[in-house]
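This report concerns only the one structure given below.
Residue numbers (the numbering used here): 156 to 585.
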């Protein structure tokens, strides 16, 4: 009798977590953010072990924000699917799972910080929690807020500067207030058509929203330059290329006019690599469209399609490197410490970062492989941030330039390897 009661209690405890792996790790929306959060957590732990504590707050903040984005995606998915109200306790179980993931991520990060006596990281971690809760609340209040998920990670470089200016007690009050708002909105969560539109758009566009550019005939000429690489993502890629330099130039002018330290070049370089990741993420999402691409009368068989895709990736990388170089030289006129050698390093790092990302993306055939390829973004971010720190400390840049040379070779090799793996089993397979 006691054994039967214990089994019943154990079954009741496990019930909210049944299907959790399938829901969170097999969904293309949440797995990207969950994977980035897990990679950030591992990199933070490795940074403590190797003594690179200056970047721990960066990767821990990225892990926290990625967790918040994954939870927001699942909440939006709940509101976008009709089965939420049809399956008993389904919504309750998802909310319990989300709370478990959030609390688990927070406890692990706090224990790691306390274990390594890195108490200065905790205020930055609290600020990341505030931003994450604010984003979750905004997505629950208006589903369209999820379109701004890419802006969420722009706050990471600013966390180190603002975290120390905000008292800890104030951040704790903000966390408590935002948490109560989030819980209140979760209790009122129900199906709505706006969430469904966001869900469909996010799946098709790789979670990146940008204004429409229809009606500009010259845009078509730019899109031809990147065909067939941009076939799966559409005009969004061209719009990103137009917005990135404009936003970066605006941040550079803002930094110059108001004498504030805005990491505009750092953000630009990171988003160039992220844009390469989005290209192949969209290809995996819409892999069935590859048959339509293959049937276009401009390729000599599958090998011709692979060659055209391979060459278009090089053209895309060339445009990104030119964009980073021009904006880097523009920034050097305002801030002389980032001189010609550093701009050269930024251009080379953009080349190998984008090349490795596109090569790994070409070889990816499913969401798990695409998530693993996102590790390139984190590693590239850490190396570039360390080079920025080297410039501020007055260290020599030749070490970084010498490091770029073998990484460029790795990038070219990754593109060649990705070309061989792309549509290895035909266009009818992912």
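The C-beta atom is built at its ideal place from N, Cα and C for all residues, glycine as well.
This structure is a prediction, so every number in the text was calculated from the model and none was measured.
Asked	Found
Straight-line Cα distance separating residue 501 from residue 447	37 Å
Residue 474 beta carbon less than 8 Å from that of residue 505	no
Span separating the alpha-carbon of residue 257 from that of residue 230	13 Å
Reference residue 570, options 555, 541, 512 and 533, closest by Cα	512
Proximal residues to residue 227 (C-beta, below 7 Å), its chain only, five neighbours per side dropped	290, 291, 294 and 301
Whole-angstrom C-beta distance between residue 392 and residue 434, which should lie under 8 Å	7 Å
Limits of the alpha helix (DSSP H) - the one that residue 542 falls within	530-547
Short Cβ contact (8 Å threshold) for residue 468 with residue 384	yes
Coarse secondary structure for residue 453, derived from DSSP in three states	coil
Proximity below 8 Å, CB of residue 349 to CB of residue 298	yes
Contact set for residue 369: own chain, Cβ-Cβ below 6 Å, skip 5 residues either direction	Only weak support exists for where residue 369 lies, its pLDDT of 49 falling under 50; the value from the coordinates is given anyway. Contacts found: none.
Cβ pair residue 199, residue 186 closer than 8 Å	no
Inter-stretch contact (C-beta, 8 Å, three-pair minimum) for the segment 565-579 and the segment 449-465	yes
Expected contact under 8 Å - CB spacing of residue 330 and residue 284 to nearest Å	6 Å
Proximity below 8 Å, CB of residue 180 to CB of residue 189	yes
Reduced DSSP secondary structure (H/G/I, E/B, other) of residue 490	coil
Cβ-Cβ distance between residue 563 and residue 503 below 8 Å	yes
For residue 220, the first and last residue of its enclosing alpha helix (DSSP H)	211-235
Cβ separation of residue 118 and residue 489, assumed to be a contact under 8 Å, to the nearest whole Å	Outside the displayed range of the chain (156 to 585) lies residue 118, so it cannot be described from this structure.
For residue 399 and residue 478, believed in contact at Cβ under 8 Å, the rounded distance	7 Å
First and last residue of the uninterrupted alpha helix (DSSP H) at residue 505	495-518
Closest by C-alpha distance to residue 419, when choosing among 378, 485 and 535	485
Same chain, Cβ closer than 6 Å to residue 277, neighbours up to 5 away in sequence not counted	268
Assigned secondary structure, residue 253 (DSSP; H/G/I helix, E/B strand, else coil)	helix
Residues near residue 556 by beta carbon distance below 6 Å, same chain, minus five either side	500
8 Å Cβ cutoff met for residue 203 and residue 271	yes
Same chain, Cβ closer than 8 Å to residue 274, neighbours up to 5 away in sequence not counted	268
Helix, strand or coil at residue 577 [DSSP, three-state]	coil
Closest by C-alpha distance to residue 427, when choosing among 481, 508 and 492	508
Neighbourhood of residue 494 by C-beta, 8 Å cutoff - its chain only, sequence neighbours within 5 removed	487
Boundaries of the alpha helix (DSSP H) in which residue 335 is found, first to last residue	323-342
Integer-rounded CB distance, given that residue 532 should sit under 8 Å from residue 432	6 Å
As assigned by DSSP and simplified to three states, the class of residue 582	coil
Opening and closing residue of the alpha helix (DSSP H) in which residue 388 lies	Careful: residue 388 lies outside any alpha helix (DSSP H) and carries neither H nor E.
Same chain only: Cβ atoms within 7 Å of residue 510, ignoring 5 sequence neighbours per side	472, 566, 567, 569 and 570
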